[in-house]
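Its first residue numbered 1, the sequence shown is counted upward by one per residue in full-length UniProt numbering.
Glycine is no exception: its CB is placed at the ideal position from the N, C-alpha and C atoms.
Since the structure comes first, as structure tokens, the remarks are kept for the end.
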Amino acid sequence: MAKIKSTTEEESVEDSQNGKFAKKEITGVIAQHIGTGKNAKDSFVWMTITWSFRIALTISLCFFAQSFFDPTYGKNILDSIIKVWSIFVPIITLALGYAFGKGK
Numbered sequence: 001m002a003k004i005k006s007t008t009e010e011e012s013v014e015d016s017q018n019g020k021f022a023k024k025e026i027t028g029v030i031a032q033h034i035g036t037g038k039n040a041k042d043s044f045v046w047m048t049i050t051w052s053f054r055i056a057l058t059i060s061l062c063f064f065a066q067s068f069f070d071p072t073y074g075k076n077i078l079d080s081i082i083k084v085w086s087i088f089v090p091i092i093t094l095a096l097g098y099a100f101g102k103g104k
């Protein structure tokens, strides 16, 4: 079984001013991408919001494009788009509520 490496490691680094060794935290690949601590939490919230908008918009545009190729589908396009956004709007509002409503 393979060992999973931690996202943060400590390394002994020599301080150039006083010649002593100090522990320095090295961030992993995931931490470099999303940040650490509070920044990581906020990063996940904003990624959730942006990806929800992108996915819902893409699906809505696909429904809109389909209405040009299938004229009978044009009658139900509004219902389909409402169903798509009814899935993603609660996710977006939940993420916004977490981002702006959390206490300091």
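Relative to residue 51, the option among 73, 66 and 92 whose CA is nearest is 92.
The shortest CA-to-CA distance from residue 80 to any of 61, 90, 97 and 100 is the one to 61. With contacts defined by Cβ atoms closer than 7 Å, residue 77 and residue 63 form a contacting pair.
By the 16-neighbour rule on beta-carbons within 10 angstroms, residue 65 is exposed. Sequence-distant Cβ neighbours of residue 45 in its own chain, meaning closer than 7 Å and more than five residues away, are 95, 98 and 99.
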